[in-house]
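One structure is given here, and the rest of the page talks about it.
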Amino acid sequence: MKRFVLLPFLITQALAEPTISGIWMMGQSLCDGSESLPVVSTKDTGFGNLMFQRSVRTWLPKDNSSAPEKRPDDQFVLVPLKATANGGLGETVANGMADHWASVLKVEKKAAKFLVACAGQGGRQIQELSSADLSTDQRTPEAKKHGGGYYKTSLDDARRAMAQAKAMSAKFEMRVLYWMQGEGNGGPTGGIVPTRWDAELPRKDGLAWYRDQLIAYRKQWSADLYAITGQKGELPIFTYQTLGPAGEAQMMAADADASIHLVGPHYAVASAINSRTTLGRYGDPIHLSADGERWWGEQVGKVMHRVLDEGEDWQPLRPRRAKLEASRDGVVIEFTVPRPPLVIDTTFLAREESAIDGGFSSLAGFRVHGSRVITLTKVEIISPTSLRIRFDKALPADEKCRVSYGYPFASALGSIAAIRKGPETDGQATEELVLTKSASKELKPLTDEGAFFVTNTSGTNSRVAIRQVHEESGVTVLRYEPRELRNGTPFAVGQSIVAMRSFSYGNVRDSDPERSVHTFADAAYGTRAGQSYPLWNWCVLFSDFDVEAP
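Numbers 0 to 549, taken from numbering that gives the first Met the number 0, label the letters of the sequence shown in order.
Right, dumping it as structure tokens:
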């Protein structure tokens, strides 16, 4: 009779508790998947990641919002992670983030099982999402009063996760935090509004205020969650660069706190103007499409793995130094580049440009300004980590300049030759702008991406989303739905028009070769369905970066 002996390390391995790692999310509309519809992660994606039966979004309005401990226990059974729609809410970053991270660990033969939970809500300010819970303050405008309980919900979610893991003979640990908020604190003149009843802080003071708030938020959230799980140390938090002034404050916070990591800007991903909501309309341009959410989630998961598993000292693609050339007709910018070389990409994203006499006021995302906006003629790569911006003429000897990056303008399309009725599409009336020339080459990166905007450059300030482009007798025809005209303001024959993306952006990226695990899934817009999400790192948005003298 054979005898079998279990070696000690095999016994230990057999008795070890499987670990479920928590990724806790907090933020506003881009965090809760506002208008990111229809969802693309419709079923278990097979990576072993989890959510509560209640869904990734654990805070729900009028459902024990301020008393999360009263939520029914059966809503917290752990089920495979997927996207669910709830009214105007759809795909979140959860599947992209957790699936990418788990897939990389699987290749490295490391087990991973992530539980993702989000307790935020669209339109919220940082102190409304914090333990201060300011959305319950009586001074809150009526339209924003009926919230509250977000922070308490995230803590109760951790208690629920601990209970579920124990019932499964597993171990639960908090692994990382993800923050996706900032627009709600942006002021109308470029500063920061601390609360809904405070005056706007000037930009410099406002950025410092938001920086300090985010650092304090991370420390308290980390301490409160670890008090529940019994872990020691501090939790790291990852964030994206939001549009608006808070985006620069987030970068300041990451520079000041080693446990805050700025992944980068999200402007390259698809906007929710491509979404189709349950109300029969399209999404707001500030939101993301479902593919955009999952795509950005993969970027975040990629960086989480590099920092937390590989120990990489992550920095987003950002300017390090700018110096005026001795000839004073150009500036050289040195960058921190995650995966060199730098690329000026005008194929994947349309070339950002704003044409003026003799050149451009902005080009490839850059604008240089001193006592005036300086006319640019060229942006060129000169090394794996640097580029040169050329001016139309040399600056005077005593003139200083600064450089900014991030504008929405794509291409000047010429003038409108005719405006005519278009065919009815999906029950909606359409109109068409007939141009005086062909712009198909300039528009290809935009049509590959999906819908885009056009605006006139004179008079009426008309703007509309273009949803179909075709060529006719050698000229370009742009089709739109009149119901989407901004403020109902029509275009007029003879007006000059410019194409624009939904987000301020630029064309500078690195050469990161990492592959996505998901692909574009929504074939209703653009031409990218079935293609991998590119995981390049694009340059952060910045303003008034000082240029050194020669």
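Ideal placement from N, C-alpha and C gives every residue a C-beta, glycine not left out. All values reported here derive from a predicted model rather than from experimental measurement.
Bridge partners - Ser403, DSSP secondary structure assignment: Arg366
Keeping to the same chain, check which residues put their C-beta closer than 8 Å to that of Met0; ignore five residues upstream and five downstream. Note on Met0: pLDDT 37, under 50, position unreliable in the model; the coordinate value appears next. Cβ within range, chain order: n/a, list empty.
Report the start-end ranges of each alpha helix (DSSP H) in the stretch 215 to 288 that is 4 residues or longer and not cut off at the edges. Listed in chain order, the complete alpha helix (DSSP H) runs (minimum 4 residues) inside the stretch 215 to 288 are 245 to 255.
At 4 residues or longer, and completely inside the stretch 364 to 451: list those alpha helix (DSSP H) runs for me, N to C. 439 to 448
What residue range is occupied by the uninterrupted beta strand (DSSP E) comprising Gly95? It is not in any beta strand (DSSP E) - Gly95 instead sits in the alpha helix (DSSP H) that spans Ala93 to Val106.
Burial state of Thr526, where buried means 16 or more other Cβ atoms lie within 10 Å: exposed
Below-8 Å beta-carbon distance, Phe334 vs any chain D residue: No chain D is part of this structure, which consists of one protein chain only.
Quick check on the burial criterion: 16 or more other C-beta atoms within 10 angstroms. Buried or exposed for Asp43? exposed
Since Arg462 sits in a beta bridge, which residues does DSSP pair it with? Thr454
Residue range of the alpha helix (DSSP H) that includes Pro153: Correcting the residue identity first, residue 153 is Ser in this sequence and not Pro. Tyr149 to Ala166 is the span of the alpha helix (DSSP H), which, as asked, contains Ser153.
Could you check if Val38 is buried or exposed, using at least 16 other CB atoms within 10 Å of its CB as the buried criterion? Counting Cβ neighbours within 10 Å, Val38 comes out buried, since at least 16 surround it.
Just to confirm, are Val367 and Ile388 a CB contact at a threshold of 8 Å? yes
Tell me which same chain residues have a C-beta within less than 6 Å of the C-beta of Arg485, skipping the five on either side of it? Residues Arg462 of the same chain have their beta carbon placed closer than 6 Å to that of Arg485, with the five preceding and five following residues left out of the count.
On the criterion of 16 or more Cβ atoms from any shown chain inside 10 Å, does Arg482 qualify as buried, or is it exposed? exposed
What distance in whole Å lies between the Cβ atoms of Glu333 and Arg317, which are believed to be in contact at a cut-off of 8 Å? At roughly 10 Å, the Cβ-Cβ gap does not stay under 8 Å, so Arg317 and Glu333 are not in contact.
Tell me which same chain residues have a C-beta within less than 8 Å of the C-beta of Gly369, skipping the five on either side of it? Leu394, Glu398, Lys399, Cys400 and Arg401
Please list the terminal residues of the continuous alpha helix (DSSP H) segment that includes Ser353. It is not in any alpha helix (DSSP H) - Ser353 instead sits in the beta strand (DSSP E) that spans Glu352 to Ile355.
Could you compute how far the alpha carbon of Tyr479 sits from the alpha carbon of Phe502? 19 Å
Just how far apart, CA to CA, sit Ser40 and Tyr239? 21 Å
Apart from the five residues on each side of it in sequence, which residues of its chain come closer than 7 Å, Cβ to Cβ, to Asp543? Arg401 and Ser403
When the Cα atoms are used, what is the spatial distance from Lys144 to Gln126? 14 Å
Environment of Ser168 [buried if 16+ CB atoms lie within 10 Å]: exposed
Would Asn48 pass as a contact of Val115 if the rule is Cβ separation under 8 Å? yes
Alpha carbon of Thr376 to alpha carbon of Thr456, nearest angstrom: 21 Å
Give the secondary structure of Asp73 by DSSP, where H, G and I count as helix, E and B as strand, and everything else as coil. helix
Which one or two residues does DSSP pair with Phe334 in a beta bridge? Its beta-bridge partners are Pro318.
Between Trp537 and Asp511, is the Cβ-Cβ spacing less than 8 Å? no
What whole-angstrom Cβ distance do Thr435 and Ala416 have, given they're in contact under 8 Å? Yes, they are in contact, since the Cβ atoms of Thr435 and Ala416 sit about 5 Å apart, within 8 Å.
Tell me, which residues are paired with Gln467 by DSSP? Arg478
When DSSP labels each residue in this structure, what does Ser54 get in the three-state scheme? coil
Measure the C-alpha to C-alpha separation of Ser130 and Gly147 and round it to an integer number of angstroms. 10 Å
Report the three-state DSSP secondary structure of Leu302 (helix, strand or coil). Residue 302 is actually Val in this sequence, not Leu. Three-state DSSP puts Val302 in a helix.
Alpha-carbon to alpha-carbon, Leu88 and Leu287: 11 Å
Own chain residues within Cβ distance below 6 Å of Thr83, not counting five before or after: Ser54
Within 10 angstroms of its Cβ, does Lys109 collect 16 or more other Cβ (buried), or is it exposed? exposed
Hey, could you find the ends of the beta strand (DSSP E) Cys30 is sitting in? Segment Ser28 to Asp31 is the alpha helix (DSSP H) holding Cys30; no beta strand (DSSP E) there.
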